[in-house]
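In what follows, a structure is listed as structure tokens, so that the remarks can point back to it.
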Amino acid sequence: MITIDAKDMHYKELNKIIRENIASGIKNFFLENVNGQYYIGDGIKGDDITITVNGVPGNDLGVFMDGPSIIVNNNVQDNVGNTMNAGKITIKGDAGDVVGYGMRGGRIYIRGNAGYRIGIHMKGYNTQIPVIIIGGKVGSFFGEYMAGGVMVLLGLNNSEELAGEYFGVGMHGGTIYLKKKIDFSKYSKEVEFLEANDEDMIFLKKYLIEYANDFNLQAEDLINGPFYKIVPSSARPYAHLYTSSAL
Amino acid sequence: MLRLKNNFSIEHDIAGCGLCGIINIRKIRTNGEDIKKAIALEHDRGNGLGGGFAVYGCYPEYADLYAFHVMYDDLAAKHDTEEYFKNNFIIEKQESIPVFKTSKINDHPILHRYFLKPKSDREDRLLHDLGDDDFVVSSVMLINSEYDGAYVFSSGKNMGAFKGVGYPEDIADFYMLDNVEGYMWTAHNRFPTNTPGWWGGAHPFTLLDWSIVHNGEISSYGINKRYLEMFKYNLALKTDTEVIAYILDLLIRKHGLPVELAMNVLAAPFYQTIEKMEPKQKELYTALRQIYGSALLNGPFAIIFGYPDGMIALNDRIKLRPLVAGTKGDFTYIASEESSIREICSSPDIVWSPKAGEPIIIKTINTENISQKQRLIIS
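Chains A and B, in that order, give the protein sequences.
Under my numbering, think of the first position of the first sequence as 1, with each following residue one higher.
Under my numbering, think of the first position of the second sequence as 1001, with each following residue one higher.
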């Protein structure tokens, strides 16, 4: 275990210390007084590594990460978990814009709200299923061009507006689950809005229990349905963008 | 060799920059240390080719006079420009802008400031009858485009811009902003990618009391420029941000639009959003889009607009640049990154992000300017 005081430390130095300590076998990291340092945990590997962040980390947290866990006890800024492959990022506060861009594995759990462009270009393959769970609400472009993986929008803070505009636009793979029924008619015409079935609930349950434990919530409250799901109506929504649909 | 007159044959500027703003709604004045600290946290958003600050409430003893901050390439430019000032303005006071040469900023133009009042019998009165504000605007346009090696970078009352080539924290040291006090500060860290970093190209861009710091790219620059030229604005700086300052001068001062509506011109609601509005609103926003189509800003942007009554933060309509706000008591902070706010205010009351195209407007409440010598201290 190692505690690093990141006060006034440049991101280069902080990330160098983290990498050197990982190389020398340290598994548990506590970063104190973090404020705005970019690229924390980027590209690091190892399922047994945990980094706890106290303070607001800078942009690009956990980018390309492959296995480790990051726990942030505050808000995070933009571009968390870009192209993340495996591991877990737990955020006790709110998240900024563009969470999990092109994410291809692992989990990102956000207790609060998240900004614009969450989970855009997310993808999955066989057992490699990236999962993002958001406790509050999200901004526009939620799941835009989503190609795979799972997102869950809980709306726990009872805000009127669960998501902004352009929800699921261009979505052609993966699933978005909602704990609240919304009028989806104003959103994307490329997706279908359904009630989640038993199979969906079995899948969701294990993630929601973990989410509840991470944030000290009552698991039963979270799991209680019904849930709703959004799935693409076609794997190729733009197949006929430049050609006649008769072809 | 420094050249202020920007003769670069480049259409516009693309930048990925850092922004900060601090306002005290009771107009309690604080020095430049906090804004320097906040923008310094965003050091890596810039590349040392431009940093600057706007401060409001910094010249209370000359509050009725236009405070001109001017950059000169050489003494000849200074001489010629001062001739123009002498012929057209009563020069209440003039002096070098106090600077402190550091190892970081040691190559700079001649920096001079003038506290001016337009003469009532000035020559232009023979031709037309411009009000004082209009005359100041036409003087700024004239000097910036016609006077070689001279550039007016600030022309408001009881406010000033301090900017140059360098990282903003070094620019703050250069202008000794810890000795300057104001109730509102904005700051900019520049990362120019399409025009060279030159002293005049640093943000903020100001005209009269308006100031703008901007992160992003105004793709509609060409349309905006041609539109402004119809109203005799002269775009001499070839940097996209310039259009925002002049559009707001046109909309707010000349056309009398409330600032809220002016923001809705810059980031107009999409027609599909207008379609869903109540009839009266729909009529208003349709009219605004029709009349001011050429003043619409296209492209990704986050801006902080300063004016004497407050500060406005605005994103483009699909939020392609970051913007975060936080408040603590009478202070409101705006920044490109939350950590920038927390650097000077570790536990804000609330932190939030504006929605795309929806301005955050923080207005001051009417009180006398109170000087508070010490640095603002927040838990």
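The beta carbon of each residue, even a glycine, is placed where N, CA and C say it ideally should be.
8 Å contact criterion, which residue i and residue j should meet: CB distance rounded
i: residue 168 of chain A; j: residue 201 of chain A; result: With 8 Å as the limit, residue 168 of chain A and residue 201 of chain A do not qualify as a contact, their Cβ atoms being about 21 Å apart.
i: residue 149 of chain A; j: residue 124 of chain A; result: 4 Å
i: residue 1248 of chain B; j: residue 1305 of chain B; result: 6 Å
i: residue 1093 of chain B; j: residue 1115 of chain B; result: 5 Å
i: residue 1041 of chain B; j: residue 36 of chain A; result: 5 Å
i: residue 64 of chain A; j: residue 48 of chain A; result: Contact doesn't hold; Cβ gap of about 18 Å is too wide.
i: residue 178 of chain A; j: residue 153 of chain A; result: 5 Å
i: residue 1124 of chain B; j: residue 1135 of chain B; result: 7 Å
i: residue 978 of chain B; j: residue 1326 of chain B; result: The question about residue 978 of chain B has no answer here: the residues shown for chain B are numbered 1001 through 1379.
i: residue 1021 of chain B; j: residue 1239 of chain B; result: Contact doesn't hold; Cβ gap of about 20 Å is too wide.
i: residue 1197 of chain B; j: residue 1190 of chain B; result: 7 Å
i: residue 1062 of chain B; j: residue 1308 of chain B; result: Actually they are not in contact, since the Cβ atoms of residue 1062 of chain B and residue 1308 of chain B sit about 14 Å apart, beyond 8 Å.
i: residue 1073 of chain B; j: residue 1018 of chain B; result: Actually they are not in contact, since the Cβ atoms of residue 1073 of chain B and residue 1018 of chain B sit about 28 Å apart, beyond 8 Å.
i: residue 990 of chain B; j: residue 1080 of chain B; result: With chain B covering only 1001 through 1379, there is no way to say anything about residue 990 of chain B.
i: residue 173 of chain A; j: residue 232 of chain A; result: 6 Å
7 Å Cβ cut-off: residues of chain B touching residue i
i: residue 269 of chain A; result: Only positions 1 to 247 of chain A appear in the structure, and residue 269 of chain A is not among them; the question remains open.
8 Å Cβ cut-off: residues of chain A touching residue i
i: residue 1322 of chain B; result: 77, 78, 96, 97
i: residue 964 of chain B; result: With chain B covering only 1001 through 1379, there is no way to say anything about residue 964 of chain B.
Partner residues on chain B for residue i, Cβ-Cβ distance less than 8 Å
i: residue 234 of chain A; result: Near residue 234 of chain A there are no residues of chain B at all, since even the closest Cβ is about 23 Å away, more than 8 Å.
Amino acids of chain A, ordered along the chain, whose beta-carbon sits closer than 7 Å to that of residue i
i: residue 1163 of chain B; result: Chain A residues near residue 1163 of chain B: none, gap ~23 Å exceeds 7 Å.
Any non-hydrogen atom of the ligand GTP within 8 Å of residue i CB
i: residue 230 of chain A; result: Absence of the ligand GTP is noted for the structure shown, with no ligands found whatsoever.
Length-filtered (3 minimum) beta strand (DSSP E) runs lying within the stretch 1309–1347 of chain B: 1310–1315, 1324–1328, 1331–1335
Residues of the stretch 176–188 of chain A whose Cβ lies closer than 7 Å to any Cβ of chain B, in chain order: none
Proximal residues, the stretch 1043–1058 of chain B versus chain A, C-beta separation under 8 Å: 1044
Contact the stretch 1166–1181 of chain B vs the stretch 1046–1055 of chain B: 3+ CB pairs below 8 Å: yes
Interfacial residues, the stretch 1334–1367 of chain B to chain A, with Cβ spacing under 8 Å: 1337, 1338, 1339, 1340, 1342, 1343, 1351, 1353, 1355, 1356
Runs of beta strand (DSSP E) wholly within the stretch 1109–1195 of chain B (minimum 3 residues, chain order): As far as the stretch 1109–1195 of chain B is concerned, its whole beta strand (DSSP E) runs of at least 3 residues are 1110–1118, 1150–1154, 1159–1164, 1184–1189.
At least three beta-carbon pairs within less than 8 Å, the stretch 49–66 of chain A to the stretch 74–81 of chain A: yes
Residues from the stretch 105–132 of chain A in contact with chain B, defined by Cβ distance under 7 Å: Against chain B - using a Cβ distance shorter than 7 Å - the residues of the stretch 105–132 of chain A are 115, 116.
Residues from the stretch 132–144 of chain A in contact with chain B, defined by Cβ distance under 8 Å: 139, 140, 141
Chain B contacts from the stretch 57–69 of chain A (Cβ-Cβ distance under 9 Å): 57, 58, 59
Interface residues of the stretch 1291–1325 of chain B facing chain A [CB-CB below 8 Å]: 1318, 1319, 1322, 1324
Stretch-stretch touch, CB-based, cutoff 8 Å, three pairs: the stretch 98–105 of chain A with the stretch 113–133 of chain A: yes
Inter-stretch contact at 8 Å, needing at least 3 Cβ pairs: the stretch 1244–1257 of chain B / the stretch 1333–1342 of chain B: no
Three CB pairs or more closer than 8 Å across the stretch 126–138 of chain A and the stretch 181–195 of chain A: no
The stretch 1152–1166 of chain B contacting the stretch 1204–1216 of chain B, beta-carbon criterion three pairs below 8 Å: yes
Inter-stretch contact at 8 Å, needing at least 3 Cβ pairs: the stretch 1347–1362 of chain B / the stretch 1298–1315 of chain B: Verdict: yes, contact present.
Inter-stretch contact (C-beta, 8 Å, three-pair minimum) for the stretch 1174–1183 of chain B and the stretch 1079–1095 of chain B: Counting Cβ pairs under 8 Å, fewer than three are found: no touch.
Validate contact between the stretch 208–221 of chain A and the stretch 159–167 of chain A using beta carbons, cut 8 Å, 3 pairs: no
4 or more residues per run - each alpha helix (DSSP H) lying fully within the stretch 1206–1231 of chain B: 1221–1229
Meets three-Cβ-pair contact criterion under 8 Å: the stretch 1286–1303 of chain B and the stretch 1261–1277 of chain B: Yes, the stretch 1286–1303 of chain B touches the stretch 1261–1277 of chain B.
Every unbroken beta strand (DSSP E) inside the stretch 83–163 of chain A [3 residues or more]: 86–91, 107–110, 131–134, 147–153
Continuous alpha helix (DSSP H) assignments of at least 4 residues falling wholly in the stretch 1265–1289 of chain B: 1271–1274
The stretch 1030–1045 of chain B / the stretch 1069–1083 of chain B touching (three or more Cβ pairs under 8 Å): no
Cβ contact check for the stretch 1–11 of chain A and the stretch 25–36 of chain A: 3 or more pairs under 8 Å: yes
Any 3 or more C-beta pairs closer than 8 Å across the stretch 1212–1219 of chain B and the stretch 1294–1309 of chain B: yes
Whole beta strand (DSSP E) elements within the stretch 36–70 of chain A, 3-residue minimum: Residue ranges of uninterrupted beta strand (DSSP E) with 3 or more members, entirely inside the stretch 36–70 of chain A and ordered along the chain, are 50–56.
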